[in-house]
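Step one of this worksheet: look at the structure below.
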Amino acid sequence: MSPLQFCLLVSALLFAIGFAGAVTRRHAILALVGIELMLNAANLNLIAFWRFGPHPELLTGFIFVLFSMALAAAEAAVGLALVIAIYRHKKTSNLDEVKELKG
Amino acid sequence: MNWIVQYLWLIPALPLVAAGIIAVNKQPARKLAASLAIGSMAIGFLLSLCAFAATLNRGEGPLHQVFSFPWIQFGGQWMDIGWVLDPLTAIMLVMVTFVGMLIFIFSIGYMAHDQNFMRFFCFLALFAAGMLGVVIANNLFLLFVSWEIVGLTSYLLIGFWYHKPSAAAAAKKAFITTRIGDLGLLLGMVWLYAQTGTLNFYDGGKGCMEVSALSQMATHLTIGGMAVSTMIGLLIFLGAVGKSGQVPLHVWLPDAMEGPTPVSALIHAATMVAAGVFLVARVYPLMAAGSTVVHGVPVTTALTVVTWIGAITAIFAATIAVAQNDIKRILAYSTVSQLGYMMMGLGVGGVAVGMFHLITHAFFKALLFLGSGSVIHGCHEEQDIRKMGGLKKYMPVTFAVYAIGMLALAGFPLLFSGFWSKDEILHHAREWSVSHVPFFLGCAGALFTAFYMTRQVALVFFGQYRGADENAAKAHEEARSHGNPHVSGHEADHGTPHESPAVMTVPLIILAVFAILLGFVGTPAWPWFHGYLTGEAVQFDFSQLTESGTLALMGTSALIVFAGITLGVFLYGKRQRKTAEEKDVLEAAQPALFKLLQNKYYIDEIYEHTVIRFNAFAAEACDFFDTWIFGGLVLLVSYAALGCAWLYRLMDEKFVNGGFDTGCKSLLGLGSGSSKLHTGRVQTYLRVIGVALVLFVLFLIWGRKA
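Chains as they are written, first to last, in our numbering: chain A, 1 to 103; chain B, 1001 to 1706.
Below is the structure:
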């Protein structure tokens, strides 16, 4: 098993865990944690493809991931702020009870 | 041109304006209404006098002074209207305004207690305006318009007490009967316009009553070889027959007595019936066109017809009047008879002869009608002469003036105007070259006239008062319930007759004076009237009296009058009836004949069974036609339309709407179905995305392999 395959396997596992968390957890913050995991799995993939790709000297993947992490931080801030706002409004953070957009 | 010619229009315009003001005024302004109407007539009278003076001082000017202006344009032609000032107009103006004014004044007293006093004066003023319009018109069109105003207001005035069914019926009868004549007038007018291209009477040589147009019409022949002028003249004469109550259209005139008595006086003396005679006098040149002159009098077919109709009417109505019991009806038939004389005079002797009788008759007939109004007023609305009697004692003034009127109408020799005017007609009738029958008819008519007037006066003023108290009280009650409570002011004395107030007697006295004096302007010795109308100079010449059998004729007619009066006195004066129910002397002697006369020769009944039945039948036929033929067609069309509409609805509902509805419903189902996917749960969406991703990846993997 080559190192790239190993990395991809880990990343896939991580993505699956994150997805499972995001889908199954009823608590909003835990669902956000799942999403964070999925994002990081993607980052891992990007790093791996850069590290074991044809031009590891160009730093493209690294910078891409750096941006992605910054984005993740911002996203987490927005997500948490949303959760707090919803909690204040509805006195709950259970995602099943937040369904105002039902058609 | 005299200034009065230009301002002649003021004479009819003033009463018209007065009528308008009265009409728009608020109700209880009685004094205003009366003073407006009488004031307008008084000013009109003064203006008429100016016009009269202008015609007297004509000098060498034209006989007909006209003032015309274009009024309506149709096509390339202008219809003129205008007025004419000639002796005929002037004398009529003076007569109408003067008699009209007196009647208006009399009305103040007669209508004093009527609730609709204002309306009455409004109609009176309008009536006078219409009549004056007829008189001044220099245009058959303007004349026709005014003529119709007269017709309309006569309808309104005869039906003034419209709550009485008889009055309403009489008004309708008058309107419809005169309408038959008006149709003739209208046709004549249209034909005249087609023939000459103008309706102006006098227009400096271009008018239709002037030589060039007349000679053209007289030579132009039409159906039956008659000259066009004859046909047009006869059509116009038909209008005069309707308006002036000549046989066979006289039936409305006696019924018109249902109106208030001043109206009867106005219609039967000064205005409406005179309009017909005046019309014939106005178009006399047309009637006389293409004539052969015999004894200085033109003879044409049209004038012969006029003469015969007039003569027949004169004797016909005079005999009916003998057997009537209603004081006003007697006078009404006497009017019809006298109008016959006027027509006869126009036919046999020309304008001056007929017009002279018209003018004298206007005065003494107004006098008689107003006098009868005074009698009716005094007897508490009683009109039956059998229930009067002995009024000489109670109403001396009325008796005196009534006697003058009666003698004038009867043609009592020398002193009274009726004698001179009637004598002139008889004189010309005797010399008439066509036939002597009208002369004998006229003489017989004169005999009857003297007789029935004597009968009336004897029954009304002599003997004992026969109106029992209970009858008077009943009449009193009846009058009051009818809303014309002339008597409500006389609570104290409603058992016996009483003299009328001065506002009623003074006009009577004035009229009486004229009934005597007027005769002297047209005696054979000094035919001023004749000269005035024709524009010839006349001399005072006593020898005229003895010439050409004039004296003999005067003697004959005086004898006839004496015979009539003596007969009347003998039959009715000597032996007065004791009670109101007693049979008439003539009825006892000749019951069948009397009954025939009393029922007016059954003319109304004959019309009832012929003309009216035919009319009803025609109406029913039209109704049948309307209901079944035209109605059926309309119904058919409507059903076709309904069928089309039904088809359209079907198309609309089943196809157009159906399609739309189905489309809408499926869209709606789609929407609600897809809205179910939208649960609002974020994680469900994420799940779906996850599953889709897995499926997508699987698809890619297996797709690559295959």
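Backbone N, C-alpha and C fix where the C-beta goes; we use that ideal spot for every residue, glycine too.
Close beta carbons around residue i, own chain, < 8 Å, minus the five adjacent residues each side
i: His1490(B); result: The pLDDT assigned to His1490(B) is 42, lower than 50, so where the model puts this residue is not dependable; a value taken from the coordinates is nonetheless given after this. Closer than 8 Å at the Cβ level, and outside the excluded window around His1490(B), lie His1380 and His1498.
i: Cys1443(B); result: Leu1426, Thr1556, Ser1557 and Ile1560
i: Ala1512(B); result: Leu1367, Ala1400, Val1401, Ile1404 and Gly1405
i: Ile1509(B); result: Val1397 and Val1401
Bridge partner(s) assigned by DSSP for residue i
i: Gly1082(B); result: Ser1068(B)
i: Thr1526(B); result: Looking at the sequence itself, residue 1526(B) is Trp, so the reference to Thr does not match. According to DSSP, which records beta bridges pairwise, Trp1526(B) is partnered with Thr1523(B).
i: Phe1201(B); result: Note: Phe1201(B) sits in no beta bridge, so no partner.
i: Val1299(B); result: Thr1292(B)
i: His27(A); result: Asn94(A)
i: Asn1139(B); result: Asn1200(B)
i: Leu1221(B); result: Ala1227(B)
i: Phe1074(B); result: Gln1077(B)
i: Asp1384(B); result: Asp1326(B)
Test item: CB-CB of residue i and residue j under 8 Å
i: Ala1275(B); j: Lys1243(B); result: yes
i: Met1406(B); j: Leu1533(B); result: no
i: Gly1680(B); j: Lys102(A); result: yes
i: Gly1445(B); j: Ala1318(B); result: yes
i: Gly1233(B); j: Ala1302(B); result: yes
i: Gly1082(B); j: Phe1067(B); result: yes
i: Leu1459(B); j: Ile1565(B); result: no
i: Thr1454(B); j: Val1569(B); result: yes
i: Val1294(B); j: Val1348(B); result: no
i: Thr1496(B); j: Tyr1394(B); result: yes
i: Ala1013(B); j: Ala1051(B); result: no
i: Ser1500(B); j: Gly1350(B); result: no
i: Lys1392(B); j: Phe1462(B); result: yes
i: His1436(B); j: Val1353(B); result: no
i: Phe1123(B); j: Phe1045(B); result: no
i: Gly1109(B); j: Asp1182(B); result: no
Presumed contact (8 Å Cβ cut-off) between residue i and residue j, rounded CB distance
i: Leu1132(B); j: Ile1011(B); result: 5 Å
i: Lys1710(B); j: Thr1335(B); result: Within the shown structure, residues of chain B are numbered from 1001 to 1706, placing residue 1710(B) beyond reach of any answer.
i: Ser1212(B); j: Ala1289(B); result: Between Ala1289(B) and Ser1212(B) the Cβ distance is about 11 Å, and since that is not below 8 Å, they are no contact.
i: Phe1201(B); j: Val1277(B); result: Rounded, the Cβ-Cβ distance is 16 Å, inconsistent with contact.
i: Gly1686(B); j: Val23(A); result: Note on identity: in this sequence residue 1686(B) is Leu, with Gly being the wrong assignment. Yes, they are in contact, since the Cβ atoms of Leu1686(B) and Val23(A) sit about 6 Å apart, within 8 Å.
i: Pro1438(B); j: Phe1106(B); result: With 8 Å as the limit, Pro1438(B) and Phe1106(B) do not qualify as a contact, their Cβ atoms being about 35 Å apart.
i: Thr1360(B); j: Gly1519(B); result: 6 Å
Same chain, Cβ closer than 7 Å to residue i, five either side skipped, listed in chain order
i: Asn1484(B); result: Note on Asn1484(B): pLDDT 49, under 50, position unreliable in the model; the coordinate value appears next. Cβ within range, chain order: Asp1114 and Trp1161.
i: Glu1470(B); result: Note that Glu1470(B) scores 47 on pLDDT, short of 50, meaning its location in the model is unreliable; the coordinates nonetheless yield the value given after this. Around Glu1470(B): no qualifying Cβ.
i: Arg1329(B); result: Pro1254 and Met1257
i: Ser1372(B); result: Thr1261, Ile1327, Lys1328 and Leu1331
i: Leu1339(B); result: Ser1244, Gly1245, Gln1246, Val1273, Val1277 and Thr1313
i: Ser1146(B); result: Gly1130, Gly1133, Val1134 and Ala1137
i: Leu95(A); result: Arg26, Ala28 and Ala31
i: Leu14(A); result: Leu37, Asn40, Ala41 and Leu44
i: Ala74(A); result: none
i: Tyr1155(B); result: Ala1171, Ala1174 and Phe1175
i: Val1412(B); result: First, the residue type needs correcting, since residue 1412(B) is Phe and not Val in the sequence shown. Taken in chain order, the residues that qualify are Phe1419 and Val1561.
Cβ neighbours of residue i in the same chain (closer than 6 Å, five flanking residues each side left out)
i: Ile1072(B); result: Met1079
i: Leu1358(B); result: Ala1274, Val1277 and Met1342
i: Ala1125(B); result: Pro1015, Ala1018, Ala1019 and Ala1037
i: Leu1571(B); result: Val1585
i: Ile1149(B); result: Gly1130
i: Leu1368(B); result: Leu1331 and Gly1405
i: Phe1594(B); result: Ala1323, Leu1586 and Glu1587
i: Phe1120(B); result: Met1111
i: Ala1473(B); result: The predicted position of Ala1473(B) is uncertain, since its pLDDT is 48 and thus under 50; a value taken from the coordinates is nonetheless stated next. Nothing listed; no residue qualifies.
i: Met1287(B); result: Gly1233, Ala1302 and Leu1303
i: Ala1265(B); result: Ile1103, Ala1366, Phe1369 and Leu1370
i: Phe1127(B); result: Thr1153
So within the region 1019 to 1070 of chain B, which uninterrupted alpha helix (DSSP H) runs reach at least 4 residues, ignoring any that extend past its ends?
For the region 1019 to 1070 of chain B, whole alpha helix (DSSP H) runs of length 4 or above, ordered along the chain, are 1030 to 1056.
Interface residues of the region 90 to 103 of chain A facing chain D [CB-CB below 8 Å]
In the structure shown, chain D does not exist; the protein chains are A and B.
Quick check for students: name the residue ranges of the beta strand (DSSP E) that lie wholly in the region 1227 to 1253 of chain B, counting only runs of 3 or more.
For the region 1227 to 1253 of chain B, not a single whole beta strand (DSSP E) run of length 3 or above is found.
Residue ranges of each alpha helix (DSSP H) within the region 1292 to 1373 of chain B, 4 or longer:
Here the runs fully enclosed are 1301 to 1322 and 1327 to 1349.
Identify every run of the alpha helix (DSSP H) within the region 1619 to 1699 of chain B, keeping only runs that are complete inside it and at least 4 residues long; order them along the chain.
Here the runs fully enclosed are 1631 to 1650 and 1657 to 1677.
At which residue ranges does the region 1112 to 1184 of chain B contain complete alpha helix (DSSP H) runs of 4 or more residues, listed in the order of the chain?
Here the runs fully enclosed are 1117 to 1136 and 1140 to 1158.
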